[in-house]
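First the structure, in the form of structure tokens, and then the observations on it.
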Amino acid sequence: MAIRITAAEKKILQDVTIPPRPEALLKVSQEAKQPEPDVAEIAKAIASDIGISAAVLQVVNSAAFRRTREIKSIDQAVMVLGLKRVFPIVKAVALKSAMSASDELNQFWQDSTDIANVCALVSNQLDKPQLGDNAYMLGLFHAAGIPVMFLNFQDYAKIMHQAESEGWSDELLEQENLLCQTNHTTIGALLGQRWKLAKDLIEVIYYQHDCSTLFSSTELSKVGLWLLAILKISRHIVVDLQQGKDVSPEWEAVRDPILEFLKIDDGELDYVIETVRSNIN
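Sequential numbering of the sequence shown, starting at 1, is according to full-length UniProt numbering.
Written out as structure tokens, the structure reads:
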């Protein structure tokens, strides 16, 4: 898949700052590529960034990971969960620390965290536990273009807050493109490339709002389609819990394609949703 960028976008993107990966993440990435990664060095690299290490501990002790005993140190997290599980978490939580702080982004970060946790729960409920780590990372990264847009474009706050309260309708996506001459999915996919996310994640980030035809097309791999379905179900659950909106334009557009892809009926999907809701917190 190639990210399609128009001539107008190329000009706009010259002035858009996409944050680089934090130093701690670079060190972890380098060590993870070694034939025999040193767990102690990886734990040391994570612990060197107080913000990232605190966030990692919060994540591994969340409901999504269902630990019977609290994990109290980064060394313990790496030893208990293993590098394969910890590395995606580090990459995901490093995102927030790489962005400039702003009170207006507080709700965005909370929503992303909630969606990420629910993504991990939904993947388990759909009998896809092997997708749990990537689903969690997708939950945090799927809207990563939004804070980049907020920090680079004047008047973007209105678009962001409307999306938080109403979801992403076709009309709002059009407003975003008119205002910025680009959109959060393109920026998010570019950030995903820079941060070396898996190809499936980058593709879902880029195509996430083309759901009416996506599940019947070949744009995404089978894994990508599963991750997209998990993401959309999770967004629906979080929006419903926050705002009591059982049906939103975003969910209406994707519910039937998801049912067809998962090969389940309304009752079975509702059971998945209610079971996940009961496991939150």
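From the three backbone atoms N, C-alpha and C, an ideal C-beta is built for every residue, glycine too. From a predicted model like this one, the values you see are computed outputs, not experimental measurements.
Query                                                                                                                    : Result
Residue closest to residue 258, alpha-carbon to alpha-carbon, out of 111, 135, 211                                       : 211
Nearest residue (CA-CA) to residue 226, options 162, 5, 136                                                              : 136
Nonlocal neighbours in the same chain, by C-beta distance under 7 Å from residue 224, ignoring five residues either side : 200, 203, 204
C-alpha gap between residue 124 and residue 131, whole angstroms                                                         : 8 Å
Closest Cα partner of residue 104 within the set 117, 244, 149                                                           : 149
Stretch-stretch touch, CB-based, cutoff 8 Å, three pairs: the region 71-87 with the region 101-120                       : no
Cβ neighbours of residue 237 in the same chain (closer than 7 Å, five flanking residues each side left out)              : 118, 273, 276, 277
Segment contact flag, the region 66-77 with the region 13-29, C-beta cutoff 8 Å, min 3 pairs                             : no
Contact test: residue 90 Cβ vs the ligand GDP heavy atom, cutoff 7 Å                                                     : Among the components of this structure there are no ligands whatsoever, and the ligand GDP is therefore not found.
Which listed residue (194, 160, 197) has its alpha carbon closest to that of residue 184                                 : 160
Extent of the continuous alpha helix (DSSP H) run through residue 261                                                    : 249-262
Touch test, the region 25-45 against the region 107-115, Cβ-Cβ under 8 Å, three pairs minimum                            : no
Neighbourhood of residue 49 by C-beta, 6 Å cutoff - its chain only, sequence neighbours within 5 removed                 : 24
Alpha-carbon spacing of residue 222 relative to residue 179, whole angstroms                                             : 34 Å
Option nearest residue 96 by Cα separation, candidates 128, 73, 53, 62                                                   : 53
Contacting residues, own chain, Cβ-Cβ under 7 Å from residue 61 (five flanking each side not counted)                    : 67, 70, 71
DSSP-derived helix/strand/coil call for residue 222                                                                      : helix
Whole-number beta carbon distance between residue 167 and residue 239, since they are thought to touch under 8 Å         : 6 Å
Per-residue DSSP class, three states only, for residue 229                                                               : helix
Buried versus exposed call for residue 94 [16 or more other C-beta atoms within 10 Å across all chains shown]            : buried
Reference residue 106, options 157, 134, 133, 230, closest by Cα                                                         : 157
DSSP state of residue 109 mapped onto helix, strand, coil                                                                : helix
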